[in-house]
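Q:
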Amino acid sequence: MRLYAQTRARRCRQILADLIAVLLIAAAVRFALAVRDGIMLLAEPGRKVEDAGGSLASGLDHAGEAASNVPLVGGILKKPLQSAAEAGNGLSDAGQSMQDVVGRVADLTAFALIVTSVLFVLALWLPPRVRWIRRSALVQGLLDAPGGADLLALRALTGPVKALAAVSVPPGGLADAWRRGDAHVIDDLSRVALGQAGLRP
21 MRLYAQTRAR RCRQILADLI AVLLIAAAVR FALAVRDGIM LLAEPGRKVE
71 DAGGSLASGL DHAGEAASNV PLVGGILKKP LQSAAEAGNG LSDAGQSMQD
121 VVGRVADLTA FALIVTSVLF VLALWLPPRV RWIRRSALVQ GLLDAPGGAD
171 LLALRALTGP VKALAAVSVP PGGLADAWRR GDAHVIDDLS RVALGQAGLR
221 P
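Be aware that the sequence shown starts at 21, since it is given in the numbering used here, and climbs by one per residue.
In structure tokens:
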């Protein structure tokens, strides 16, 4: 199985198409990651809420511990401070939840952008490449098969007229020469068919 043409012009076009496909996929991935980073900026308020809630809970917890040392009313003072510390922990948890949601949205968005972009590029690039690989294998198989040169010559005769300029016989006499089985003309025409497929004899 041949991946690239043997003729220089077609091989250059194939390599250029491959490079463009790779660059487009790389650009799509970079764009998706940039979008993800942009979405992750929305998690900043959640981080601030988490930090503020944690600090508030920690401060109130320490205050409750200190208040518990006050004689007679220490237990009474400690309870509301501990309740407020638990509320601060709830605020911290809410900030963490907000960050988790934003992170999931950012990851899913980036994943969707990457998959969509890659599939789009592959849908444009892969079918022509696969068609060429299959066609070149078919043409190569014809060349190697008995009587394959005749079929390749017929293929050249039914192709573009301008490609027949490389054959020494005038275009008007090519069909007659092919029907007579002129080995030289068949060889020339099979070379034309191979060149059209991007192959060399």
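Beta carbons: idealized from backbone N, C-alpha and C, even for Gly.
Bear in mind that the values here come from a model prediction, so they are computed numbers and not experimental data.
1. Report the option in 208, 169, 113 whose CA atom is closest to the CA atom of residue 68.
2. Please determine, among 100, 125, 139, 73, the residue with the shortest C-alpha to C-alpha distance to residue 109.
3. I need the DSSP call for residue 220, collapsed to helix, strand or coil.
4. Can you give the beta carbon distance from residue 230 to residue 220, rounded, assuming they're within the 8 Å contact cut?
5. Does the distance from the CB of residue 28 to the CB of residue 156 come in under 9 Å?
6. Whose C-beta lies closer than 7 Å to the C-beta of residue 206 among residues of the same chain, with five residues either side of it excluded?
7. Starting from residue 58, trace the alpha helix (DSSP H) both ways and give me its first and last residue.
8. Would you identify the three-state DSSP class for residue 22, choosing helix, strand or coil?
9. Using the Cα positions of residue 216 and residue 132, report the straight-line distance between them to the nearest angstrom.
10. For residue 41, which residues in the same chain have their Cβ closer than 6 Å to its Cβ, ignoring the five residues on either side in sequence?
11. Just mark residue 218 as buried or exposed, buried being the case when its beta carbon has 16 or more other beta carbons within 10 Å.
A: Judging by the given coordinates:
1. 113
2. 73
3. coil
4. Nothing about residue 230 can be reported from this structure: the residues present for the chain run from 21 to 221 only.
5. no
6. 169, 170, 173, 198
7. 28-60
8. coil
9. 40 Å
10. 141, 145
11. buried
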